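Enquirer: Quick one: structure below, then a few questions.
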Amino acid sequence: MNHFIRKTGINVLVFLLLIFSTYAFAETWEAGPPIPEGAEEVVGIGVGDSMLVYGGLGPAFTPRGLFWMFDISQQKWIELPPSPIPVHHPAFVTVGSKVYLFGGFVKPEDEISWKPVTHAAMFDMNTREWSSLKPLPTARGALTAAAVGSKIYVIGGVALPDKSGFKGLYFDRPTKQLTVNEVYDTDNNTWSQAAPMPTQRNHMGAATIDGKIYVVGGRIGSGFTLMSTNIGVNEVYDPDKDTWEPRAMLPTARSGIGVVALNGRIHVLGGEEWSHNRAGVFRQHEAYDPKTNRWSLLPSMQFPRHGLAVGVANGKIYAISGANVAGGGGAHKDLTYMEIYSPS
C-alpha cells in the first residue's frame, strides 16, 4: 500500500513537472539583436514585420530623437529619418502603415526642464518620410494614445500649471495632471474632444481590444518619480458610448511601463517607482483578460527597466532598451537589450 502511494506520488510529481516545464518552454523570453543606441524614455510600436523605437532622454533633459527600425525578417537594425521636432515622453501609435507621434517634452533654451509641446507628426512607412499634422490641442507629455479604426485617442499626461509662467516642468515645481481625451481623425486631420478619463495621471499605458481602450497604471501627484505616487488604476473607454468604466486594478502599481495587446489580453511590462526613499525598476509581466476581468502573472523579463519601447509584431512582444534605474535614482545605464516574448 505504502509502495503504491509513493509510486502514485512520484507519478503525480513528474506529471506536474512536465506541465510546468511545458508551460515555461511555451511562454518564454529570448534575446534578440541589441539596438545600436540605448536610451531611457523611448517608445515603441510594431508595424507589419518591423519594430520601431523612437525618442530617448539625454543629458540635461535634452531629447535625443532616436528613431530605429528592427527588420524582423532580416534580423537587422535600420536607422530612420529624424522627426521634425525631437521629443521625449510622446505618445506613439500606428494606423495601417502610418505611425503617429503626439506631444512629449522638449528642453527650453535657457533652462534644464521639460517643456510640454503640442507637436503632432506622422511617419509613412512606405515613403519613409515625416509629415507635420494639425497640432495637439493640449500641450502635454508622458501621455498615452490608442487607435480604434481611423481615430486616435490621445489621453492624459502632464502639463504646465495654468497661468504659472513656468517655461518647463521640474521636480520641485507644481505640475498639472490631466484627464483630457482628445481624438485625432486620421482621415481628415482634425481634432475633437471625447469624455475625459476619470483618473488624472501620467506615465501610464494604453492598448485596444475589441474596439475598447484600456488605460493602465501610471502615476499621480507629479510627472516626476520623486514627487509622485504610482497607481494600479485600470479604466476602459468605449468610443461608441463615449463612457469610461473601472476594471480590476493592476496588481503591481507602476509607471513608466510598456503596455500592449496580444491574443485578447493587455500585457504590462517593466516600470519604475520611488517610495519610502527607495528607487527601483520592475521586470514584472502581468496580463489582463477583459473577458474575465482578472490579472495573471506571466514570465518576467530578464532585465528590469523603465521607459522602454514595447510593441507587438508577428504575434510576439518585443521589449527594447530603457533604463535600469528609476528617474532621479542616480547614475544609470541606457540599456540596449532586446527581449522577445513568445506566448503559448
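When the letters of the sequence shown are read in order and numbered with this note's numbering, they come out as residues 1344 to 1687. C-beta: ideal position from N, C-alpha, C; glycine also. Note that this is a predicted model, so its numbers are computed, not measured.
(1) First and last residue of the beta strand (DSSP E) that includes Lys-1419?
(2) My parser needs the beta strand (DSSP E) runs of 3 or more residues fully inside the stretch 1645-1671; what are they?
(3) Am I right that Pro-1459 and Leu-1409 are in contact with their C-beta atoms under 8 Å? What's the rounded C-beta distance?
(4) To the nearest angstrom, how far is it from the Cα of Asp-1632 to the Cα of Pro-1642?
(5) Just tell me which of Phe-1509, Ile-1495, Trp-1457, Glu-1452 has its CA closest to the CA of Ala-1464.
(6) Counting along the chain, where does the beta strand (DSSP E) carrying Val-1611 start and finish?
(7) Between which residues of its own chain and Gln-1543 is the CB-CB distance below 8 Å, once the five residues before and five after are set aside?
(8) For the candidate residues Glu-1422, Asn-1577, Glu-1615, whose alpha-carbon lies nearest to that of Asp-1541?
(9) Exposed or buried, which one is Ser-1364 when buried takes at least 16 other CB atoms within 10 Å?
(10) Taking C-alpha atoms, which residue in Val-1602, Val-1559, Arg-1608 lies nearest to Glu-1588?
(11) Which of helix, strand or coil does DSSP assign to Tyr-1680?
(12) Who does Ser-1474 pair with in a DSSP beta bridge?
(13) When you compare only the Cα positions, how much space is there between Phe-1646 and Leu-1395?
(14) Apart from the five residues just before and just after Arg-1590, which ones in its own chain have a Cβ nearer than 8 Å to its Cβ?
(15) What are the boundary residues of the beta strand (DSSP E) that Val-1385 is part of?
(16) How would you label Glu-1682, buried or exposed, when you count the other beta carbons within 10 angstroms and need 16 or more for buried?
(17) Just how far apart, CA to CA, sit Val-1491 and Ser-1687?
(18) Let me check understanding here. Comparing Cα to Cα, which of Thr-1551, Met-1547, Leu-1423 lies closest to Gly-1484?
(19) Could you name the residues of the same chain whose beta carbon sits closer than 6 Å to that of Lys-1477, not counting the 5 residues immediately before and after it, in chain order?
(20) Using DSSP with H/G/I as helix, E/B as strand and the rest coil, what is Ala-1403?
(21) Got a sec? Which residues, its chain only, sit under 6 Å from Thr-1437 by beta carbon, not counting five neighbours each side?
(22) For Asp-1530 and chain B, any beta-carbon pair shorter than 8 Å?
(23) On the three-state DSSP scale, how would you describe Met-1547?
Expert: The structure says:
(1) The residue labelled residue 1419 in the question sits at position 76 within the sequence shown. Here the beta strand (DSSP E) through Lys-1419 covers 1419-1422.
(2) Within the stretch 1645-1671, the beta strand (DSSP E) runs of at least 3 residues that lie entirely inside it are, in chain order, 1652-1656, 1659-1663.
(3) For the purposes of this step, residue 1459 is taken as residue 116 along the sequence shown, with counting starting at 1. For the purposes of this step, residue 1409 is taken as residue 66 along the sequence shown, with counting starting at 1. So it is not a contact: roughly 20 Å between Cβ atoms.
(4) Here the question's residue 1632 lines up with position 289 in the sequence shown. Here the question's residue 1642 lines up with position 299 in the sequence shown. The alpha-carbon atoms of Asp-1632 and Pro-1642 are separated by roughly 16 Å.
(5) For the purposes of this step, residue 1464 is taken as the residue at position 121 of the sequence shown. Of the listed residues, the one whose Cα sits closest to Ala-1464 is Ile-1495.
(6) Start at 1 with the first residue of the sequence shown, and residue 1611 comes out as number 268. Here the beta strand (DSSP E) through Val-1611 covers 1608-1612.
(7) Locating residue 1543 in the sequence shown gives position 200, where the first residue counts as 1. If we look at Gln-1543 and ignore the five residues flanking it on each side, its Cβ neighbours are Gly-1499, Gln-1520, Leu-1521, Thr-1522, Ile-1563.
(8) To locate residue 1541, count along the sequence shown from 1; it is residue 198. For the record, residue 1541 in the displayed sequence is Pro; it is not Asp. Among Glu-1422, Asn-1577, Glu-1615, the Cα nearest to that of Pro-1541 is on Asn-1577.
(9) In the sequence shown, counting from the first residue as 1, residue 1364 sits at position 21. The pLDDT assigned to Ser-1364 is 35, lower than 50, so where the model puts this residue is not dependable, and the model offers no usable value.
(10) Numbered from 1 along the sequence shown, position 245 holds the residue referred to as residue 1588. The candidate whose alpha carbon is nearest that of Glu-1588 is Val-1559.
(11) The count along the sequence shown starts at 1 and reaches residue 1680 at position 337. In this structure, Tyr-1680 counts as coil in the three-state DSSP scheme.
(12) Within the sequence shown, residue 1474 is the residue found at index 131, counting from 1. Under the DSSP definition of a beta bridge, Ser-1474 partners with Met-1465.
(13) Against the sequence shown, residue 1646 aligns to sequence position 303. Against the sequence shown, residue 1395 aligns to sequence position 52. Phe-1646 and Leu-1395 have their alpha carbons spaced roughly 20 Å apart.
(14) Start at 1 with the first residue of the sequence shown, and residue 1590 comes out as number 247. In the same chain as Arg-1590, and ignoring 5 residues on each side of it, the C-beta atoms closer than 8 Å to its own belong to Tyr-1557, Asn-1577, Glu-1578, Val-1579, Tyr-1631, Pro-1633, Asn-1636, in chain order.
(15) Here residue 1385 is taken as the residue at index 42 of the sequence shown, counted from 1. Residues 1385-1390.
(16) To locate residue 1682, count along the sequence shown from 1; it is residue 339. Answer is buried; the Cβ neighbour count reaches 16.
(17) Here residue 1491 refers to the residue found at position 148 when the sequence shown is read from its first residue. Here residue 1687 refers to the residue found at position 344 when the sequence shown is read from its first residue. Whole-angstrom Cα-Cα distance: 26 Å.
(18) Indexing the sequence shown from 1 puts residue 1484 at position 141. Of the candidates Thr-1551, Met-1547, Leu-1423, the one whose C-alpha sits nearest the C-alpha of Gly-1484 is Met-1547.
(19) As a first step, residue 1477 must be located in the sequence shown, where it is residue number 134. Within the same chain, Lys-1477 has close Cβ partners Asn-1532.
(20) Looking up residue 1403 in the sequence shown gives position 60. Secondary structure of Ala-1403 (DSSP, three-state): helix.
(21) Residue numbering aside, residue 1437 sits at position 94 when the sequence shown is read from its first letter. These residues qualify, in order along the chain: Ile-1388, Val-1390.
(22) This model lacks chain B altogether; it includes just one protein chain.
(23) Sequence index remark: in the sequence shown, residue 1547 carries index 204 (1-based). Coil at Met-1547, not helix or strand.
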